[in-house]
Structure formats: C-alpha cells, structure tokens
Amino acid sequence: MAQSFQFVCGGCAHTIEAWDEGNPYYIDDDGKKQYAYHPSDKRDLCIGNDSPHLCLSCKKEFMADSEAPITACPKCKSSEIVDKMELAGKSCPYCKAGVFGDPIPFAIS
665 MAQSFQFVCG
675 GCAHTIEAWD
685 EGNPYYIDDD
695 GKKQYAYHPS
705 DKRDLCIGND
715 SPHLCLSCKK
725 EFMADSEAPI
735 TACPKCKSSE
745 IVDKMELAGK
755 SCPYCKAGVF
765 GDPIPFAIS
C-alpha cells in the first residue's frame with residue numbers, strides 16, 4: 665500500500681505532495697522502463713525507483729533514479745536537492761523564508 669503526504673511551508677503555505685514509495689520500475693523485454701505501482705503483480709520485477717526530487721535553489725521538480733543517482737539539479741546544477749519525502753525541516757524555495765513542516769498524511773492507494 666502506498667501513502668501520499670503533504671508538506672506545507674510554514675511561511676507561504678506552499679504545499680507539495682509526495683508518495684512514500686516513489687515510482688518503482690522494472691525493465692521490460694524491449695529494454696524499456698515500466699512502472700509498477702501498488703497493487704501491480706509486476707512489483708516483484710522492480711529493480712529501481714524513480715523518486716520525485718525538488719531543487720531548493722531553483723524550484724525545479726525532477727525524478728532521480730535510484731540506479732543512477734545524481735548529486736546536482738539538472739537545471740541549475742545546485743547541490744541543494746532533496747527527495748520530496750524528506751522535505752520536513754527544509755527551507756522553502758518558493759518564499760525563501762519558511763520551512764516545510766512534518767508530513768501530513770493525505771491519501772492511500
């Protein structure tokens with residue numbers, strides 16, 4: 665079962681939603697990445713996870729592959745990137761004044 669959480673900035677109330685399991689994937693017979701979300705029977709084939717990330721410098725949202733980790737934002741090259749599930753306590757790139765609060769349970773899949 666996957667759960668979604670919201671992270672709300674205490675300064676500007678900007679809200680970001682994140683799912684706790686990311687985007688698990690496997691490689692199909694054609695060599696293409698295929699996502700297998702709960703409750704797919706293909707989950708046992710998964711070899712990696714594309715996790716939603718946020719750049720705290722330029723606000724770029726992007727996916728980071730667990731099998732090909734990156735350490736810098738693909739847009740601005742800043743090293744201030746964070747997995748969206750780890751936003752609690754991080755500075756808000758939208759208002760530059762507040763921080764994101766603890767995760768608030770939002771939905772279940």
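Last residue of the sequence shown: 773 in the working numbering, with the numbers rising by one and none dropped.
Using N, Cα and C, we set each Cβ at its ideal position, and we do this for glycine too.
Q. Quick one: Cα of proline 767 to Cα of serine 742, how far?
A. When rounded, the distance between both Cα atoms is 25 Å.
Q: Within the same chain, show all residues whose beta-carbon is closer than 6 Å to that of proline 738, passing over the 5 residues directly before and after it, in chain order.
A: For proline 738, where only same-chain residues beyond five positions count, the Cβ hits under 6 Å are Phe726.
Q) With 16 other CB atoms within 10 Å as the buried threshold, where does serine 773 fall? A) Residue burial annotation: serine 773 is exposed, with fewer than 16 other C-beta atoms found within 10 angstroms of its C-beta.
**Q.** DSSP bridge partner residues for alanine 728 (one or two, in chain order)
**A.** Paired residues: Ser715.
Q.
If contact is defined by three or more beta carbon pairs under 8 Å, each pair taking one atom from either stretch, is the segment 671-678 in contact with the segment 687-694?
A. No: fewer than three Cβ pairs fall under 8 Å.
Q. For the beta strand (DSSP E) that isoleucine 680 lies in, which residues bound it at each end?
A. Note, isoleucine 680: beta strand (DSSP E), 679-683.
**Q.** Cβ-Cβ distance between methionine 749 and aspartate 684 below 8 Å
**A.** Yes, they are a contact pair.
**Q.** Under the three-state DSSP convention, the category lysine 696 falls into
**A.** In this structure, lysine 696 counts as coil in the three-state DSSP scheme.
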